[in-house]
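In the UniProt record's numbering, the protein residues as written are 1 to 434.
Beneath this line is the structure, given in structure tokens, with notes to follow.
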């Protein structure tokens with residue numbers, strides 16, 4: 001149970017903190033499993049299922065465009081759930097996002113395809129993808145905020161990153177599920193097997209909800225609760241535009257590197273280079289398994305040397321890796337090089353980002369009453385223009401250039417420079433009071 005110390009600082013017991021950590025980890029894992037199923041399966045089968053009459057390149061762009069809709073919905077979900085998270089509490093919002101994500105994902109597994117419903121099938125797919133993004137907009141901000149506000153002083157980076165390591169566990173689960181069904185004969189995959197990973201979501205959500213309902217509210221929020229902001233978003237716009245802008249700029253690259261390498265890289269590897277999808281997914285799987293452990297390690301490192309050093313280094317490495325190593329490794333068509341290309345972002349680069357931003361973003365907002373809304377505003381809009389649009393923009397640039405990767409590399413380089421500049425301009429937050 002939470003209680004106030006003599007110095008007025010809100011603290012939380014070890015047992016309750018462990019329950020919060022488990023809840024945030026599992027909830028994040030389940031929601032990212034649901035969200036990433038589309039990203040991994042769509043480049044493999046959805047063009048055939050929902051756009052069978054389109055040119056292959058047009059079908060790929062359409063499928064990736066629907067993928068991007070999930071990111072368009074994220075800021076709307078982030079602002080919606082952020083408002084109620086700042087006014088009513090973190091806990092009820094976390095339960096609501098989990099249920100909405102689970103229902104949307106299960107419904108995708110029940111969808112009719114173009115063969116039976118025509119264009120209406122694609123419209124339903126788009127609507128459900130929108131709801132997935134709406135739910136993730138609340139979860140991706142709420143979990144690290146709840147964990148940060150339950151952490152002991154001096155260890156906020158480590159504890160907040162535990163919630164985010166669940167993201168990678170979810171990606172691992174999604175990769176395993178897709179790898180299993182992708183290994184089946186193509187007619188079986190297209191006939192019914194693609195539905196199974198989506199339908200499994202209902203079981204996972206039931207488990208996550210059982211754990212999450214037993215967690216107590218954030219003690220820091222409880223201390224601020226007597227005087228909530230009337231409209232938290234308006235207060236953010238009036239008083240905290242600068243930190244919201246810094247979060248936006250960092251989120252461009254934080255999300256961009258994953259979706260460029262894992263989603264566009266998967267599509268590029270299969271359709272352009274003719275690489276076996278199982279080899280590409282194996283690389284993603286290995287990288288994200290390692291990331292589950294690496295995210296808290298970098299979170300703890302940011303507690304020791306500072307958020308800006310870890311995050312800035314990660315953004316620089318991301319820009320250099322994409323510009324000089326990622327595509328050349330894929331183009332070798334050598335199995336080990338391909339696995340390495342897909343694994344490095346998850347194993348090293350993304351943990352440097354995620355392990356740090358899970359504490360860095362919320363710490364930029366010293367007012368508990370608007371913290372959820374402030375992080376949501378910057379992070380979710382940054383994720384649209386970074387990760388959400390990255391695969392479809394990269395595919396479009398590749399088509400426009402006639403297969404030349406240079407415009408794609410330049411696009412990501414600009415995103416990386418923006419993020420590094422934001423880190424340079426930001427203040428160090430690891431010792432800031434929340």
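Ideal placement from N, C-alpha and C gives every residue a C-beta, glycine not left out.
- In the structure shown, residue 416 falls within a helical segment according to DSSP collapsed to helix, strand and coil.
- Taking C-alpha positions only, residue 291 is separated from residue 326 by approximately 18 Å.
- Distance check between residue 382 and each of 186, 357, 369, 57 places 357 closest, using alpha-carbon atoms only.
- Our two residues, residue 162 and residue 91, have alpha carbons roughly 17 Å apart in a direct line.
- The beta-carbon separation of residue 147 and residue 24, rounded to 5 Å, stays under the 8 Å limit for a contact.
- For residue 45, no alpha helix (DSSP H) run applies, since DSSP gives it neither H nor E.
- Residue 291: member of the alpha helix (DSSP H) spanning 277 to 305, first to last residue.
- Between residue 170 and residue 36, the CB-CB gap stays under 8 Å.
- In this structure, the alpha-carbon of residue 235 lies about 12 Å from that of residue 86.
- With contacts defined by Cβ atoms closer than 8 Å, residue 430 and residue 307 form a contacting pair.
- DSSP, reduced to helix, strand and coil, places residue 365 outside both helices and strands of the structure shown, so it counts as coil.
- Distances from the CA of residue 269 to each of 168, 287, 334, 230 were compared; the closest alpha carbon is that of 334.
- If you check the CB distance, residue 370 and residue 232 come in under 8 Å.
- Relative to residue 42, the option among 155, 124, 28, 178 whose CA is nearest is 178.
- Secondary structure of residue 155 (DSSP, three-state): coil.
- Annotation for residue 403: 272 place their beta carbon closer than 8 Å to its own, counting only its chain and skipping 5 residues before and after.
- If you draw a straight line from the Cα of residue 138 to the Cα of residue 337, it comes to about 37 Å.
- Beyond the five residues adjoining it in sequence on each side, residue 294 comes within less than 6 Å, by CB distance, of 351 in the same chain, given in chain order.
- The residues 150, 215, in chain order, have a CB closer than 6 Å to that of residue 20 in the same chain once the five nearest residues on each side in sequence are set aside.
- Taking the Cα positions, residue 69 is about 10 Å away from residue 125.
- Pairing residue 423 with residue 315 gives a Cβ-Cβ distance under 8 Å.
- Within the region 242 to 266, no beta strand (DSSP E) run of at least 3 residues lies entirely inside it.
- Per the C-alpha coordinates, the member of 88, 27, 328 positioned closest to residue 229 is 88.
- The DSSP-derived three-state label of residue 231 is coil.
- Taking a contact to require three or more Cβ pairs closer than 8 Å, the region 49 to 67 and the region 360 to 376 do not qualify as touching.
- Taking 8 Å as the cut-off, the beta carbon of residue 136 is found no closer than this to the beta carbon of residue 82.
- The beta carbons of residue 354 and residue 283 sit no closer together than 8 Å.
- Going by beta carbons, residue 28 and residue 167 fall inside the 8 Å limit.
- Judged by DSSP secondary structure, residue 331 falls within the alpha helix (DSSP H) whose first and last residues are 327 to 331.
- If you compare the alpha carbons of 112, 344, 366, 251 with that of residue 51, the shortest gap goes to 112.
- DSSP, reduced to helix, strand and coil, places residue 80 within a helical segment of the structure shown.
- Taking the Cα positions, residue 159 is about 24 Å away from residue 79.
- Bounds of the alpha helix (DSSP H) holding residue 149 are 119 to 149.
- With respect to residue 302, residue 157 sits close: the two C-beta atoms are nearer than 8 Å.
- Residue 39 and residue 263 do touch by the CB rule: their CB atoms are close to 5 Å apart, below 8 Å.
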